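**Student:**
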Amino acid sequence: ATAAPAPARQQTVSAGAVSVLAVNNLGLDTRHAKNWQCYLKFMGYNPGSSDGLLGTNSWKAGQRLFVSEGFYPKDEIDGIVGPKTIRGLQRYL
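Be aware that the sequence shown starts at 18, since it is given in the working numbering, and climbs by one per residue.
(1) Just reading off the alpha helix (DSSP H) that S75 is part of, what are its end residues?
(2) List the whole-angstrom C-beta distance separating L106 from G79, where the pair is believed to meet the contact cut-off of C-beta under 8 angstroms.
(3) Taking the continuous alpha helix (DSSP H) assigned at F59, which residues delimit it?
(4) Output the boundary residues of the alpha helix (DSSP H) element that contains G99.
(5) Is DSSP giving G105 helix, strand or coil here?
(6) Identify, in the order they occur along the chain, each residue of the same chain with its Cβ nearer than 7 angstroms to the Cβ of A39, setting aside the five sequence neighbours on each side.
(7) Using the Cβ count rule (16 or more neighbours within 10 Å means buried), how would you classify Y109?
(8) Grab me the residues of L82's own chain with a C-beta within less than 8 angstroms of its C-beta, minus the 5 sequence neighbours each way, in chain order.
(9) What residue from W76, D95, G99 and R104 has the CA that sits closest to G87's CA?
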């Protein structure tokens with residue numbers, strides 16, 4: 018008879034080590050993402066650097082723009098691209 022293999026050891030990660038994906042360009046290439054960042058800046062919403070990487074600051078700026086248009090709840094600005102951000106973007110476009 019052979020011995021049963023030892024159970025696989027699961028690696029655990031602390032909650033502090035887990036984060037939301039920092040960049041989400043929603044399929045835009047870098048050039049188009051830079052255009053969006055420049056537009057946000059032009060409209061008075063600071064997206065941070067215009068580097069073509071739509072990170073948390075870019076999406077917070079976008080969410081503030083959507084709030085000003087009535088397309089996003091003002092108390093939920095978090096920079097995360099979730100269903101409400103997508104809906105705000107769709108309504109804005």
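Glycine included, C-beta positions come from ideal geometry on N, C-alpha and C.
Since this is a predicted model, take the numbers as computed values, not measurements.
**Tutor:** Walking through what the data contain:
(1) Counting from 1 along the sequence shown, the entry for residue 75 is found at position 58. Its alpha helix (DSSP H) spans residues T73 to S85.
(2) Taking the sequence shown and counting its residues from 1, the one referred to as residue 106 is at position 89. Taking the sequence shown and counting its residues from 1, the one referred to as residue 79 is at position 62. That belief holds up - the Cβ atoms of L106 and G79 are roughly 7 angstroms apart, short of 8 angstroms.
(3) Numbered from 1 along the sequence shown, position 42 holds the residue referred to as residue 59. F59 -> alpha helix (DSSP H) spans T47 to F59.
(4) Here residue 99 refers to the residue found at position 82 when the sequence shown is read from its first residue. First-last for G99: undefined, no H or E at that position.
(5) One-based indexing of the sequence shown puts residue 105 at position 88. Of the three classes helix, strand and coil, the one that applies to G105 here is helix, per DSSP.
(6) Working through the sequence shown from its first residue, we reach residue 39 at position 22. Cβ within range, chain order: G72 and T73.
(7) Taking the first residue of the sequence shown as 1, we reach residue 109 at position 92. Classification of Y109: exposed, given that the 10 Å Cβ count is below 16.
(8) In the sequence shown, residue 82 corresponds to position 65, counting from 1. Correct list, in chain order: L57, M60, Y62 and Y109.
(9) Taking the first residue of the sequence shown as position 1, residue 87 is located at position 70. Closest by alpha carbon: R104.
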